[in-house]
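Presented below is the structure to which this report refers.
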Amino acid sequence: MLVEHLETINSSVAQFAADVHAGLDRPGQKELPSKYLYDSIGSTLFEAISLLPEYGLTRADERILRRHASDIAELLPSPLIVSELGSGSGKKTRCILEALCKREAISYYPIEISATALASCERELAGIDCISIVGIEREYVDGLREVANRRAPGAHLLILFLGSTIGNFDAGADQRFLQRIRDILLPGDSLLLGADLLKPLSQLIPAYDDPIGITAAFNLNLLARINRELDADFNLRQFEHVARFNEDTNSVEMHLRSKESQTVTIPRAELMVRFSHGETIWTESSHKYSESEISILAGASGFRCEAQWTDVEWCFAENLFIAV
Ligand code: AVI
Numbered sequence: 464m465l466v467e468h469l470e471t472i473n474s475s476v477a478q479f480a481a482d483v484h485a486g487l488d489r490p491g492q493k494e495l496p497s498k499y500l501y502d503s504i505g506s507t508l509f510e511a512i513s514l515l516p517e518y519g520l521t522r523a524d525e526r527i528l529r530r531h532a533s534d535i536a537e538l539l540p541s542p543l544i545v546s547e548l549g550s551g552s553g554k555k556t557r558c559i560l561e562a563l564c565k566r567e568a569i570s571y572y573p574i575e576i577s578a579t580a581l582a583s584c585e586r587e588l589a590g591i592d593c594i595s596i597v598g599i600e601r602e603y604v605d606g607l608r609e610v611a612n613r614r615a616p617g618a619h620l621l622i623l624f625l626g627s628t629i630g631n632f633d634a635g636a637d638q639r640f641l642q643r644i645r646d647i648l649l650p651g652d653s654l655l656l657g658a659d660l661l662k663p664l665s666q667l668i669p670a671y672d673d674p675i676g677i678t679a680a681f682n683l684n685l686l687a688r689i690n691r692e693l694d695a696d697f698n699l700r701q702f703e704h705v706a707r708f709n710e711d712t713n714s715v716e717m718h719l720r721s722k723e724s725q726t727v728t729i730p731r732a733e734l735m736v737r738f739s740h741g742e743t744i745w746t747e748s749s750h751k752y753s754e755s756e757i758s759i760l761a762g763a764s765g766f767r768c769e770a771q772w773t774d775v776e777w778c779f780a781e782n783l784f785i786a787v
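Under the numbering used here, think of the first position of the sequence shown as 464, with each following residue one higher.
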């Protein structure tokens, strides 16, 4: 078991090194995959971001679920099993599971690549009556296949994909990902999808560039992680966090800008990278949807959008998709 665990760690470091090499050695815009923002320090910083007054997304998601849990439950068939992609702490999920448990016992399968996140989700939700929790420590699509294989004949599946993580996929990849999810489902199964909506730049930019610098730390931690895990020598003080809105893609982009021309070595990725003054590494995109775009996304990926609930304080939509 220990050997297996060490092999997993080694292969994930090798994958990280390969992705860092590919992203920083490419011609043109340097980039790093946003999934690497979430090591244990990054995940803790993201929890702090979700408490910031400037970042209303997580609270809006929670508010809609709290207000409309019973409306959502009424639209869902029975018997039902529930799976969640990236459950995080499980806090947001509590009210929807409680609403469903009022009518039947629920099996809940959170899917996470992090065993720590699964454990905290299980702790958070353990007190709900009539729920059995089976954590699946896998990538989303693989984990979902496993859940689908476990379902009893006649049971419907509800997938939760909350928090607008869908917005962090590259342009077009959101639709391809939803299509892969749809391929695993049966007609009549459902997907509850949280999506952040377009809003004025005066609200969007401070949400991704807060005045106390938590988002800057979240972004810079990616370079610190490369130093820690790949023995690199990034001087963090020579890079700065930048958040900007890309009007062509309707996305807030996070970048790390080099404050001077410099060279960085990353021994475990077998790489030496030159940065010119002002050059950036693109680390994340956060797409902001229009309400109609969400219905089009549903149709293009094999669903229909059955219902949509929005928040008045922070433009955010919870969308119930049904597999057709
Ligand atoms: C996880 N995801 C939905 C967040 C977002 O808003 O795109 C990640 C984040 N990046 C900076 N702040 C928050």
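Where a beta carbon is used, it is the ideal one built from N, C-alpha and C, also for glycine.
Secondary structure at residue 710: coil, using DSSP grouped into helix, strand and coil.
Between the ligand AVI and the CB of residue 628, the shortest heavy atom gap is smaller than 7 Å.
Residue pairing of residue 493 in beta bridges, as defined by DSSP: 744. In chain order, 494, 495, 497, 500, 682, 685, 717, 718 and 719 place their CB closer than 8 Å to the CB of residue 746, counting only its own chain and leaving out the 5 sequence neighbours on each side. For residue 644, the secondary structure class from DSSP, reduced to helix, strand or coil, is helix. With fewer than 16 other Cβ atoms inside 10 Å of its own Cβ, residue 740 counts as exposed. Annotation for residue 656 indicates a beta carbon at 7 Å or more from all heavy atoms of the ligand AVI. The segment 533-543 makes contact with the segment 553-565; the number of CB pairs closer than 8 Å reaches 3 or more. Between residue 552 and residue 593, the gap from beta carbon to beta carbon reaches 8 Å or more. Taking C-alpha positions only, residue 705 is separated from residue 669 by approximately 11 Å. When DSSP reads this structure, residue 704 sits in a beta bridge with 719. Taking residue 477 as reference, the option from 663, 761, 702 and 692 with the minimal CA-CA separation is 692. With respect to the C-alpha of residue 635, the residue from 760, 485, 622 and 779 having the closest C-alpha is 760. Between residue 763 and residue 771, the C-beta spacing is not below 8 Å. Of the candidates 506, 523 and 786, the residue whose Cα lies closest to the Cα of residue 627 is 523. Contact check for residue 555 and residue 525: beta-carbon distance about 5 Å, within the 8 Å limit, so the pair qualifies. In this structure, residue 631 has its CB closer than 7 Å to one or more heavy atoms of the ligand AVI.
In this chain, the alpha helix (DSSP H) harbouring residue 558 covers 557-564.
The secondary-structure analysis by DSSP pairs residue 749 across a beta bridge with 715. Closest by C-alpha distance to residue 646, out of 616, 729 and 605, is 605.
Contact check for residue 648 against residue 620 passes: the beta carbons are separated by less than 8 Å. Residue 595 counts as exposed, since fewer than 16 other C-beta atoms from the protein chains shown sit within 10 angstroms of its C-beta. Placement of the Cβ of residue 494 at a distance of 7 Å or more from every heavy atom of the ligand AVI is found.
The beta carbons of residue 765 and residue 642 sit closer together than 8 Å. Residue 743 is not a Cβ neighbour of residue 696, given a cutoff of 8 Å. A distance below 8 Å between beta-carbons, with the five flanking residues on each side excluded, links residue 542 to the following residues of its chain, in chain order: 567, 615, 617, 618 and 619.
With a threshold of 16 other beta carbon atoms within 10 Å, residue 722 falls short and is exposed. When only Cα atoms are considered, residue 711 and residue 659 end up about 17 Å apart.
When DSSP states are grouped into helix, strand and coil, residue 782 belongs to the strand group. Within 7 Å of the C-beta of residue 576 there is not a single heavy atom belonging to the ligand AVI. Taking non-hydrogen atoms of the ligand AVI into account, the C-beta of residue 507 is found less than 7 Å away from none of them.
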